[in-house]
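Working notes, structure below.
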Amino acid sequence: MDNVNHLYQYSLLNALMEGVCEAGIPVSKLLSKGNQGVGTFARMNGELVLLDDKVYQLQAGGIREASMDDQIPYAVATHFSPTHTQEHQRLQSKQSIDQILTSVAPQAANLFVSYRIRGRFVSVTARTIRGQQYRGQPLSELGDNQSVNHYKDIEGTIVGFRTPAAWQGFSVAGHHLHFISSDCTRGGHVLDVSAEDASVGMAVAANVHIELPTSEEFSQAKLRVDDSGIKKVEG
Ligand SMILES: [Zn+2]
1 MDNVNHLYQY
11 SLLNALMEGV
21 CEAGIPVSKL
31 LSKGNQGVGT
41 FARMNGELVL
51 LDDKVYQLQA
61 GGIREASMDD
71 QIPYAVATHF
81 SPTHTQEHQR
91 LQSKQSIDQI
101 LTSVAPQAAN
111 LFVSYRIRGR
121 FVSVTARTIR
131 GQQYRGQPLS
141 ELGDNQSVNH
151 YKDIEGTIVG
161 FRTPAAWQGF
171 SVAGHHLHFI
181 SSDCTRGGHV
191 LDVSAEDASV
201 GMAVAANVHI
211 ELPTSEEFSQ
221 AKLRVDDSGI
231 KKVEG
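When we follow the UniProt record's numbering, the leftmost residue of the sequence shown carries the number 1, and every step to the right adds one.
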């Protein structure tokens, strides 16, 4: 495969912020774009995790494996093949993940990094958005109506991406990570995390492929970069 560790992204976070999420690409297409990824579903109904050959929909009420024709209005995926893997006895926070990536790849500040963390997590704070209450409702409003869970002593996998600061609005500048438990019953968009005995695999991505929607909804959206709004809802 000649696109190992390339990133594929559908749509823009800026579009999601403006509530552009009626439709998108089918799950079957996203599966062809990588073995790990994050995103959301039509009407922003929950969080998406792509892990190996499956796409999961994480919602407040539980997790289901997505159908092949479910619509994905926004997602990032990669054919992940770690170039570095490290075992860590103690991982204290999202900041420690950043320190690990920076120590392994100090030259990657302006590049993308994808990573996967497996292990037993001491705690994971994860949210799931509940979906739009009306058509076009912006993501910034959904942050006020999200379900936040604090999981303790839980085994699972984190799929993450680090985006350079200058790309805010293309996707989430900094870290965007989703968690799913080993038994596939719990998970969400990670707000904070700590772990013991975690295996951190990572790869720098210098190739980014972006596919933009051609829908009327997307073409009519007033796209802009809402830096503080993104930090509030995706932090
Ligand atoms: Zn997310």
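Positions of the beta carbon are idealized from the N, C-alpha and C atoms, including for glycine. All of these numbers come straight from a predicted model, not from anything done at the bench.
Can you check whether the CB of L16 is closer than 8 Å to the CB of F170?
-> Counting from 1 along the sequence shown, the entry for residue 170 is found at position 170. Counting from 1 along the sequence shown, the entry for residue 16 is found at position 16. No. Outside cutoff.
For the segment 136-143 against the segment 153-168, are there 3 or more C-beta pairs whose distance is under 8 Å?
-> no
Report yes if the C-beta of E141 is less than 7 Å from at least one heavy atom of ligand 1; otherwise report no.
-> Taking the first residue of the sequence shown as position 1, residue 141 is located at position 141. Every heavy atom of ligand 1 is 7 Å or more from the Cβ of E141, so no.
Check: E47 C-beta below 7 Å from any heavy atom of ligand 1 | To locate residue 47, count along the sequence shown from 1; it is residue 47. Checking the Cβ of E47 against ligand 1 gives yes.
Looking at C-alpha atoms only, which residue of Q89, R186, G187 and K232 is the closest neighbour of A198?
-> As a first step, residue 198 must be located in the sequence shown, where it is residue number 198. Measuring from the Cα of A198, the nearest candidate turns out to be Q89.
Pull up the distance between the alpha-carbon of I129 and that of L48, whole angstroms please.
-> The residue labelled residue 129 in the question sits at position 129 within the sequence shown. The residue labelled residue 48 in the question sits at position 48 within the sequence shown. Between I129 and L48, the C-alpha separation is close to 11 Å.
Report the residue ranges of all beta strand (DSSP E) runs contained in full by the segment 135-194; include only those spanning at least 3 residues, in chain order.
-> Every beta strand (DSSP E) of 3 residues or more that sits fully in the segment 135-194 is shown, in chain order, as 146-163 and 174-181.
So which of G34, F80, V148 and E216 has the shortest CA-CA distance to E234?
-> On the sequence shown, position 234 is the one that residue 234 refers to. Answer by Cα proximity: V148.
Coarse secondary structure for V20, derived from DSSP in three states = Taking the sequence shown and counting its residues from 1, one reaches residue 20 at position 20. The answer is coil: DSSP assigns V20 none of H, G, I, E or B.
Expressed to the nearest angstrom, what Euclidean distance is found between the alpha-carbon atoms of E217 and V20?
-> If you number the sequence shown from 1, residue 217 lands on position 217. If you number the sequence shown from 1, residue 20 lands on position 20. Their backbone Cα atoms lie some 6 Å apart in a straight line.
Within the present structure, is the beta-carbon of V38 separated from the nearest heavy atom of ligand 1 by less than 7 Å?
-> The residue given as residue 38 occupies position 38 in the sequence shown. Yes; taking the cut-off as 7 Å, the Cβ of V38 has a heavy atom of ligand 1 nearer than that.
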